[in-house]
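At position 167 of the sequence shown the residue is numbered 167 (full-length UniProt numbering), and the sequence of numbers has no breaks.
What follows is a short report on a single structure.
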Amino acid sequence: MDDDEAITRALAGDLDAYEVLVARYSAAAHRTSALLGAGDEAEDVVQEAFVKAFRHLGSFRREAAFKPWLLRIVANETHNLTRSRGRRADLTVRLGQEREQDGPESPEGIVVAADGGARLLAAVRRLPDREREAVVCRYFLQLSEAETAEVLGVRLGTVKSRTSRGLRRLREEVDRELLP
């Protein structure tokens, strides 16, 4: 069953057809949410995104691709979560509460932290939100520039400039790590 048929059947009330879409795009939705900053809460974000997508399936433009439309919902939900976290953190600081201290790193954690892939992910996570979103969509999710623009709700030129700035920052950080 292709996306169009699944959407048509889901709109007619066939929940099994919607489950086909959920199964098809869950992995991409989880990667998107996790890479955009949801962390351990990615599962909750993805569930909420699929619920919202189902509720708004009637407003989906049938000539468009379903995946970028869904990933835009996931990106918005992730953004809402991270913004909410920021407000909670600000409130915690204002109330004078201390953040929990992380325990000592496990040997596994030390090995992972030493891995180049882990350093790259850490560097990507430190990018400003807009640049991180563009880089994640383009290179981690392997979306085209047009799909990235649709997911992020921005113009194609904006995707290009954010991606370029993000990659420049990553190169600068890698250069700093390599230089003594």
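Just so it is clear, CB atoms sit at the ideal spot from N, CA and C, and this is done for glycine as well.
Since we're looking at a predicted model, the values are computed, not measured.
In the three-state reduction of the DSSP assignment, S26 falls in the helix class, which pools H, G and I. The alpha-carbon of Y139 is positioned some 20 Å away from that of F66. For Q47, the uninterrupted alpha helix (DSSP H) run begins and ends at A42 to R55, by DSSP. For V135, the enclosing alpha helix (DSSP H) starts and ends at D129 to V135. Distance from the Cα of E41 is smallest, within the candidate group T163, E77 and K52, for E77. In this model, S26 and V174 are separated by some 32 Å (Cα to Cα). Per the C-alpha coordinates, the member of G157, P128, S161 and E19 positioned closest to A53 is E19. Closest option to L170, judged by alpha-carbon separation, among K160, R125 and S144: R125.
Contact check for L152 and E133: beta-carbon distance about 6 Å, within the 8 Å limit, so the pair qualifies.
When the beta-carbon positions are compared, V46 and V74 come within less than 8 Å of each other.
The beta carbon of L35 sits closer than 7 Å to those of V136 and F140, all from its chain and outside the five residues before and after it, given in chain order. By the C-beta density criterion, G37 is buried, having at least 16 other C-beta atoms within 10 angstroms.
Inter-residue distance for G39 and L143 is about 21 Å (C-alpha atoms, whole angstroms).
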